[in-house]
Structure formats: structure tokens, C-alpha cells
Amino acid sequence: MQVAGKVVVVTGGGNGIGQAMCEAFAKAGAAKVVVADLDEARAEAVAAAIGGAAFKCDVAKESDIKHVIDETERRFGPIALFCSNAGIGGGFDPLSENAGGASDEPFMNSWMIHVMAHVYAARHLVPLYRARGGGYFLNTISAAGLLSQVGSPAYSATKHGAVGFAENLAISHKAHNIKVSILCPQGVDTNMLRGLPKGPQSADGDLSPEQVAQDVIEGLAEESFLILPHKQVIDYMRKKTENYDRWIGGMAKIQAKLRETFGAKG
Numbered sequence: 001m002q003v004a005g006k007v008v009v010v011t012g013g014g015n016g017i018g019q020a021m022c023e024a025f026a027k028a029g030a031a032k033v034v035v036a037d038l039d040e041a042r043a044e045a046v047a048a049a050i051g052g053a054a055f056k057c058d059v060a061k062e063s064d065i066k067h068v069i070d071e072t073e074r075r076f077g078p079i080a081l082f083c084s085n086a087g088i089g090g091g092f093d094p095l096s097e098n099a100g101g102a103s104d105e106p107f108m109n110s111w112m113i114h115v116m117a118h119v120y121a122a123r124h125l126v127p128l129y130r131a132r133g134g135g136y137f138l139n140t141i142s143a144a145g146l147l148s149q150v151g152s153p154a155y156s157a158t159k160h161g162a163v164g165f166a167e168n169l170a171i172s173h174k175a176h177n178i179k180v181s182i183l184c185p186q187g188v189d190t191n192m193l194r195g196l197p198k199g200p201q202s203a204d205g206d207l208s209p210e211q212v213a214q215d216v217i218e219g220l221a222e223e224s225f226l227i228l229p230h231k232q233v234i235d236y237m238r239k240k241t242e243n244y245d246r247w248i249g250g251m252a253k254i255q256a257k258l259r260e261t262f263g264a265k266g
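For the sequence shown, counting from 1, position 74 maps to 74 in UniProt numbering; every step adds exactly one.
Structure representation (C-alpha cells):
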């Protein structure tokens with residue numbers, strides 16, 4: 001897919017990867033880039049800088065996503081690419097004594113933003129895409145959805161759920177010319193990552209949001225389902241599936257090192 005001349009929506013577009021994608025799409029000649037973000041001021045600032053449009057949007061609310069879709073189509077024309085990009089940290093605690101011990105809140109918040117937001121976008125766009133012969137979803141997930149995130153059960157579990165939904169979306173609607181890509185980086189130099197202690201997500205180096213956005217442009221041009229800014233992830237996936245027990249043992253060693261590091265700091 002080439003974004004030139006297309007209408008594109010990016011949720012979580014006010015900062016980080018989302019902002020970089022908005023800027024890259026505008027530079028690539030998109031007809032209109034719609035910046036949707038919970039932080040309305042940030043969305044408006046990014047939109048103003050690129051000649052786009054801004055919407056306040058809480059992706060955990062189906063009504064907000066529907067409003068963005070409806071108003072974008074009414075004002076600017078058919079959405080060709082919907083980037084479901086918003087995300088949250090999900091609670092990082094390498095010292096937790098129980099992976100299931102946290103309250104429901106971090107799990108449910110992560111579920112709504114990391115999974116249901118993708119579902120809501122599909123719920124309202126698939127019928128439109130089918131009626132006009134196709135369309136494209138780009139879902140920002142994480143390498144954690146393919147591997148895991150040590151120290152954050154809610155983040156890891158919901159990112160896996162996001163991968164599962166994207167796979168099913170692609171399978172269910174391949175015959176309808178609806179294309180799906182998932183963006184799965186490791187560490188990216190964003191506010192979210194800066195709020196976390198250094199961990200395995202940064203072992204292969206933190207990329208800039210701008211580099212990730214360029215990888216998105218290239219991945220969309222190739223219409224690749226899996227977009228991996230950190231190329232090492234494909235080898236980690238192979239090692240995981242080749243010997244799951246060995247992989248879990250290796251991840252447990254990382255967990256132990258994190259416990260030792262953060263325990264000493266505490």
C-alpha cells in the first residue's frame with residue numbers, strides 16, 4: 001500500500017510512534033492524516049504541524065472510535081488506512097510475588113486499550129471496507145505480543161491477545177481485500193519506555209520513533225503482515241517455538257536478574 005493520496009487515521013497520534021507515523025504519512029503525501037489522541041492539545045499540535053485534522057479519542061470507548069471513523073469519512077472521504085496505535089505501559093513490577101496478584105484494574109485497562117480498541121475499529125470499519133472493495137488496518141502491538149514482557153503480566157497477556165485478534169482479522173477478511181499489518185518493535189525511545197526501568201525490551205537498542213515510522217512505510221508498501229523494526233525478533237520467535245521449555249528457562253533467568261537488580265536498588 002502507498003499512502004499517497006489516501007485518508008489515514010492514527011490513534012495515539014499525539015506523541016511517540018503515533019506522532020512519528022502521522023508525520024511520515026503526511027510527508028509521503030497522504031491526502032489527510034487524522035490525529036486521534038486522548039490528549040486533545042497534543043493531537044491538535046501534531047495536526048497543525050502537518051496540515052492534518054485532530055480528534056480527542058479515548059480508544060477504550062467504542063463510541064469515541066466510531067465518532068472518529070464517522071466524522072473522518074464525512075469530512076475527508078473514505079478511510080484507506082486505520083492505524084490502531086494507542087497503548088499503555090500496563091504496570092511493570094519485576095519484584096511481584098504473584099503474576100496474577102495485581103488488582104483487576106491494570107488487566108482490564110490493558111485489555112480495553114490493547115485489544116478492544118482494535119476490535120472496535122474493525123467492528124465499524126470492516127463493513128465499510130467490504131462495501132467498497134477493501135481497506136487496511138495497521139495495529140501497533142509490540143514484540144511482547146510475540147515473545148513476552150518480563151515483569152508485566154497485563155502488558156504481555158493483552159499484547160498476545162492483540163496479535164491473536166489481528167491474525168483472525170487478516171484470515172477472516174483476506175477474501176474481502178482487507179489487509180492487516182502488525183507493528184511489533186522492542187524498545188522505542190518514547191515517553192512510555194522512558195517511564196520504565198531498563199529491561200529486556202531494550203537489550204537490542206532503543207530505536208527512534210522516526211525510524212519505526214519509516215519501517216511502517218516500508219512494511220505497508222510490501223503489505224507485510226508482520227513489521228519488525230528490530231530484526232532480531234524473528235530469530236527469538238524461532239528459538240521460542242523450537243524449544244518452548246528452553247525459552248521459558250532463558251526468560252526466567254532474565255526475570256531473576258531483574259529481581260536481583262531492582263531488589264538491590266530497593
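The beta-carbon is built from N, C-alpha and C at its ideal position, and this holds for glycine as well.
Original post:
What residue ranges within the segment 105-155 form continuous beta strand (DSSP E) runs of no fewer than 3 residues, ordered along the chain?
Top reply: Within the segment 105-155, complete beta strand (DSSP E) segments of at least 3 residues are found at 135-140, given in chain order.
Subject >> Distance, Cys-57 Cα to Ile-65 Cα >> reply: Distance between Ile-65 and Cys-57, taken at the CA atoms: about 7 Å.
Subject >> Of the residues Glu-71, Val-59 and Ala-154, the one placed nearest Ala-139, counting alpha carbons only >> reply: Residue identity differs from the one stated: residue 139 is Asn in this sequence, not Ala. That would be Val-59, whose Cα lies nearest to the Cα of Asn-139.
Original post:
Taking DSSP as the reference, what is the three-state secondary structure of Lys-6?
Top reply: Taken through DSSP and simplified to helix, strand or coil, Lys-6 comes out as coil.
Original post:
Taking Ala-31 as the reference, which of Glu-40, Val-7, Gly-249 and Leu-220 has the closest Cα?
Top reply: Ala-31 has its Cα closest to that of Val-7, out of Glu-40, Val-7, Gly-249 and Leu-220.
Original post:
Near Gly-137, which residues of its chain fall below 6 Å by C-beta distance, leaving aside the five closest residues on each side in sequence?
Top reply: According to the sequence shown, residue 137 is Phe rather than Gly. Within the same chain, Phe-137 has close Cβ partners Phe-82 and Val-180.
Subject >> Distance between beta carbons of Val-150 and Ile-254, contact taken as under 8 Å >> reply: Contact between Ile-254 and Val-150 holds: CB atoms are separated by about 5 Å, below the 8 Å threshold.
**OP:** Work out the CA separation of Thr-261 and Ala-47 for me, nearest whole Å.
**Re:** Taking the straight line from one Cα to the other gives about 42 Å.
Original post:
Using DSSP with H/G/I as helix, E/B as strand and the rest coil, what is Cys-184?
Top reply: Assigned with DSSP and collapsed to three states, Cys-184 falls in coil, not helix or strand.
**OP:** Within 10 angstroms of the Cβ of Thr-234, are there 16 or more other Cβ atoms? Answer buried if so, exposed if not.
**Re:** The residue you asked about is not Thr; residue 234 is Ile in the sequence shown. Exposed: under 16 other Cβ atoms inside 10 Å.
Original post:
To the nearest angstrom, how far is it from the Cα of Glu-73 to the Cα of Val-163?
Top reply: If you take the alpha carbons of Glu-73 and Val-163, they lie about 27 Å apart.
**OP:** Out of Phe-55, His-230, Ser-142 and Met-237, state which residue places its alpha-carbon closest to the alpha-carbon of Cys-184.
**Re:** It is Ser-142.
**OP:** Output the boundary residues of the beta strand (DSSP E) element that contains Val-33.
**Re:** That run of the beta strand (DSSP E) goes 32-37.
**OP:** Output the boundary residues of the alpha helix (DSSP H) element that contains Cys-83.
**Re:** It is not in any alpha helix (DSSP H) - Cys-83 instead sits in the beta strand (DSSP E) that spans 79-84.
**OP:** For Phe-25, I'd like the list of residues in its chain whose CB is within less than 6 Å of its CB, leaving aside the five on either flank, ordered along the chain.
**Re:** Result list for Phe-25: Val-3, Val-8 and Val-33, in chain order.
Original post:
Which two residues bound the contiguous beta strand (DSSP E) that contains Phe-225?
Top reply: Taken as a continuous stretch (DSSP letters only), Phe-225 belongs to no beta strand (DSSP E), as it is neither H nor E.
Original post:
Who pairs with Ala-54 in a beta bridge, going by DSSP?
Top reply: Bridge partners of Ala-54: Val-35.
Subject >> Candidates Gly-89, Gly-13 and Asn-243, of which the one nearest Asp-39 by Cα >> reply: Of the candidates Gly-89, Gly-13 and Asn-243, the one whose C-alpha sits nearest the C-alpha of Asp-39 is Gly-13.
Original post:
What three-state label does DSSP hand Ile-88 in the structure shown?
Top reply: If DSSP states are grouped into helix, strand and coil, Ile-88 belongs with coil.
Original post:
Span of the alpha helix (DSSP H) holding Thr-241?
Top reply: Bounds of the alpha helix (DSSP H) holding Thr-241 are 232-242.
**OP:** Could you tell me if Gly-77 is buried or exposed, where buried requires 16 or more neighbouring beta carbons within 10 angstroms of its beta carbon?
**Re:** Flag for Gly-77 reads exposed.
Original post:
Would DSSP call Thr-190 helix, strand or coil?
Top reply: Here DSSP, grouped into helix, strand and coil, assigns Thr-190 to coil.
Original post:
For Gly-161, does the count of other Cβ atoms within 10 angstroms reach 16, so buried, or fall short, so exposed?
Top reply: The residue in question, Gly-161, is buried, as its Cβ has 16 or more Cβ neighbours within 10 Å.
Original post:
Between Phe-225 and Ile-171, is the Cβ-Cβ spacing less than 8 Å?
Top reply: No, Cβ-Cβ distance for Phe-225 and Ile-171 is not below 8 Å.
**OP:** Could you please give me the residues that DSSP links to Lys-179 through a beta bridge?
**Re:** Note: Lys-179 sits in a beta bridge opposite Tyr-136.
**OP:** Determine the direct distance from the alpha carbon of Ala-28 to that of Ser-156, and round the result to whole angstroms.
**Re:** Each residue's alpha carbon lies about 33 Å from the other.
Original post:
Just the Cα atoms here: how many angstroms apart are Pro-153 and Val-115?
Top reply: In a straight line, the C-alpha of Pro-153 is about 15 Å away from that of Val-115.
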